[in-house]
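Undergrad: Residue numbers (the working numbering): 989 to 1500.
We put the beta carbon where it would ideally sit given N, CA and C, even for glycine.
What follows is a single structure, and I will ask about it in a moment.
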């Protein structure tokens, strides 16, 4: 599941972050562009700019503001190419803007025509988290499950491709990944009984290059991890962003919850799930970037019944662990564990709790599987009480950042628990298919609902944290100026000393 209607206008914080950091006069300087959602293929969200730093950030002032014309939650990260900023809005997107990054004036505006019934089959918010750019084209994903290429100079449609059928519960809410001559997208729909996939298209023509399902079909390896024909409606959607390693030529994508949430429909309905792990749901996948073949897979939450999507961004970095340079893939998962995997082969390096977790005691370092507390696994008509974290996760889609300067990861985390149980429910195409009921009105201990924390991925421990009284903290961005920026639900954009966690500056953007 994505986020619920609780989150509103948080990505205005992200828009403001990019405005204040990129609005410098040195446009030719390396690092002035932000050409993709995560800042780079590795999704580090790290800016090499240092003109704004710990010594002068207190003097930071707003340069310009721009209304985006949509009142739904704004979750988009703008991209900056040359002197142009491209940003999408919610509700479709309702608009895609090309803005002069120096003063915010509109260069062009794209306003797609959306089907009137599309909003009835979108699970968890009318979101658009941004666009992608390559070779003079802006690539837009839409709630009606279309992928569109626009001329970056004029906003004119160059081609449109239907990725999947929105009437069956599919939607696309996150930007695609662009590399070489292809543009690659996933889609949402894990709450509608879809079967997830990742699809690659030619940038110039929109021609389909490859499509890979995340759940193996009949006769394919891993299909026997599904009870009967439950794989056909098994979820494993790919609704968030991917990462790419050009050297390994591997594309990384996380998959959503198994569908429906109620495990009795597709597994054993207890912690002794045996073969019924439901691959490749709640998993991290690595694909051959040219063919789409799955090279390796690591399942964070086997036989998931908590809606612990593993879609959170995979952050790629080479880190020194035990004196050895390790090609790491780092993920703060919804299930509450921070994973470090070897991104070459998917082998587990380490996994530790980064928030309070009680559904599992630990992750077995040999098998890579969580050691569950059976009382915290919901079953058909049996409630699991006070399960932590709740289905929003220890972290949700709000992106974390890795600073090559400090070696720390900066995580917007939640402090929430839930009660949850399975129930019988029939599959009906295009309708919610959860087979579960839940109560989310439960805060964990400590008197706070969210925490922005710096995490050492080598030591697997927190370096510092800033507690927030409300959940749903905005995404993070770290900089070579020794700063990390993030936003909270009250609309406060904060600049923090990346080493100490001291708040050096904040500004209320007027949303929340």
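Alpha carbon to alpha carbon, how far is residue 1385 from residue 1424? Give it in angstroms, no decimals.
TA: Between residue 1424 and residue 1385, the C-alpha separation is close to 22 Å.
Undergrad: What is the rounded straight-line gap between the Cα of residue 1166 and the Cα of residue 1190?
TA: Cα-Cα distance, rounded: 10 Å.
Undergrad: Please state whether DSSP places residue 1362 in a helix, a strand or coil.
TA: If DSSP states are grouped into helix, strand and coil, residue 1362 belongs with the helices.
Undergrad: Checking 8 Å against the spacing of the C-beta atoms, do residue 1315 and residue 1345 come in under that value?
TA: No, Cβ-Cβ distance for residue 1315 and residue 1345 is not below 8 Å.
Undergrad: Sort 1133, 1103, 1086 by Cα distance to residue 1125 and report the nearest one.
TA: Selected option, being the one with the closest Cα: 1086.
Undergrad: Could you tell me the distance, in whole angstroms, from the CA atom of residue 1010 to the CA atom of residue 1341?
TA: Its pLDDT being 36, under 50, residue 1010 is placed unreliably by the model, and nothing is read from it.
Undergrad: In the DSSP assignment, the beta strand (DSSP E) including residue 1315 goes from what residue to what residue?
TA: Its beta strand (DSSP E) spans residues 1312-1320.
Undergrad: Counting C-beta neighbours from all protein chains within 10 Å, is the total for residue 1359 16 or more, i.e. buried, or is it exposed?
TA: Result: exposed.
Undergrad: List, from N- to C-terminal side, the alpha helix (DSSP H) runs of 4 residues or more that fit wholly inside the region 1404-1456.
TA: With a minimum length of 4 residues, no continuous alpha helix (DSSP H) run stays inside the region 1404-1456.
Undergrad: Opposite residue 1149 in the DSSP bridges: which residues?
TA: According to DSSP, residue 1149 bridges with 1135.
Undergrad: So, residue 1304 versus residue 1331, is the Cβ gap smaller than 8 Å?
TA: Against a cut-off of 8 Å, the Cβ pair of residue 1331 and residue 1304 comes out as a contact.
Undergrad: Anyone know if the C-beta pair for residue 1446 and residue 1406 falls short of 8 Å?
TA: Cβ distance not < 8 Å, so residue 1446 and residue 1406 don't count as in contact.
Undergrad: Among 1260, 1075, 1258, which one has its Cα closest to the Cα of residue 1083?
TA: Looking at the Cα atoms, 1075 is the closest of the given residues.
Undergrad: Taking just the CA atoms, how far does residue 1294 sit from residue 1404?
TA: Cα-Cα distance, rounded: 13 Å.
Undergrad: Would you kindly work out how many angstroms separate the C-alpha atoms of residue 1142 and residue 1069, rounded to a whole number?
TA: Near 14 Å, if we compare the C-alpha coordinates of residue 1069 and residue 1142.
Undergrad: Could you tell me which residues DSSP puts in a beta bridge with residue 1400?
TA: Answer by DSSP bridge pairing, in chain order: 1440.
Undergrad: Between residue 1497 and residue 1484, is the Cβ-Cβ spacing less than 8 Å?
TA: No, Cβ-Cβ distance for residue 1497 and residue 1484 is not below 8 Å.
Undergrad: Quick one: what's got a C-beta closer than 7 Å to residue 1338's C-beta in the same chain, skipping five residues either side?
TA: Same-chain partners within the cutoff: 1328, 1448.
Undergrad: Pick out whichever of 1040, 1120, 1275 has its Cα sitting closest to the Cα of residue 1027.
TA: Of 1040, 1120, 1275, the residue nearest in Cα terms is 1120.
Undergrad: Compute the Euclidean distance between the alpha carbons of residue 1136 and residue 1368, then round it to the nearest angstrom.
TA: Rounded to the nearest angstrom, the two C-alpha atoms are 42 Å apart.
Undergrad: Roughly how far, in whole angstroms, is the beta-carbon of residue 1402 from the beta-carbon of residue 1430, given that I think they are within contact range, below 8 Å?
TA: Incorrect: roughly 12 Å between the Cβ atoms, too far for contact.
Undergrad: Closest to residue 1503 by C-alpha separation, out of 1458, 1422, 1280, would be which residue?
TA: Any answer about residue 1503 is impossible in this case: the structure gives the chain only from 989 up to 1500.
Undergrad: Could you spell out the range, first to last residue, of the beta strand (DSSP E) harbouring residue 1270?
TA: Counting along the chain, residue 1270 falls outside any beta strand (DSSP E), and DSSP gives it neither H nor E.
Undergrad: For residue 995 and residue 1184, I'd like the C-alpha separation in whole angstroms.
TA: Since pLDDT at residue 995 reaches only 38, below the 50 mark, its modelled position is unreliable, and the value read off the structure follows with that caveat. Near 25 Å, if we compare the C-alpha coordinates of residue 1184 and residue 995.
Undergrad: What is the residue span of the beta strand (DSSP E) that residue 1284 lies within?
TA: Its beta strand (DSSP E) spans residues 1282-1287.
Undergrad: Bridge partners for residue 1223 per DSSP, in chain order?
TA: Beta-bridge pairing links residue 1223 to 1183, 1246.
Undergrad: What residues in its chain sit with their C-beta under 7 Å from that of residue 1309, if we drop five residues either side in the sequence?
TA: Closer than 7 Å at Cβ, skipping near neighbours: 1337, 1446.
Undergrad: So residue 1220 packs on residue 1264, CB below 8 Å; how close in whole Å?
TA: Going by Cβ atoms, the distance from residue 1220 to residue 1264 rounds to 15 Å, so no, they are not a contact pair.
Undergrad: Which term fits residue 938, buried or exposed, when burial requires 16 or more other beta carbons within 10 angstroms of its beta carbon?
TA: Summary: the structure shown does not reach residue 938, with the chain confined to residues 989 through 1500, and so no result is reported for it.
Undergrad: Just the Cα atoms here: how many angstroms apart are residue 1182 and residue 1161?
TA: Going from the Cα of residue 1182 to the Cα of residue 1161 covers about 15 Å.
Undergrad: Only counting the same chain, and skipping five residues up and downstream in sequence, which positions put a Cβ closer than 7 Å to that of residue 1222?
TA: Correct list, in chain order: 1183, 1203, 1214, 1246, 1247, 1254, 1266, 1269.
Undergrad: Given that a residue counts as buried once 16 or more other Cβ atoms are within 10 Å of its Cβ, and exposed if not, what is residue 1047?
TA: Exposed: under 16 other Cβ atoms inside 10 Å.
Undergrad: If you draw a straight line from the alpha carbon of residue 1180 to that of residue 1133, how long is it in whole angstroms?
TA: If I take the Cα positions, the gap works out to 14 Å.
Undergrad: For the beta strand (DSSP E) that contains residue 1120, what are its first and last residues?
TA: Element bounds for residue 1120: 1120-1122.
Undergrad: Identify, in the order they occur along the chain, each residue of the same chain with its Cβ nearer than 7 Å to the Cβ of residue 1284, setting aside the five sequence neighbours on each side.
TA: Cβ neighbours of residue 1284 beyond the five flanking positions: 1274, 1333, 1334.
Undergrad: Please report the distance separating the alpha-carbon of residue 1393 from that of residue 1470.
TA: Straight-line Cα distance between these residues: approximately 7 Å.
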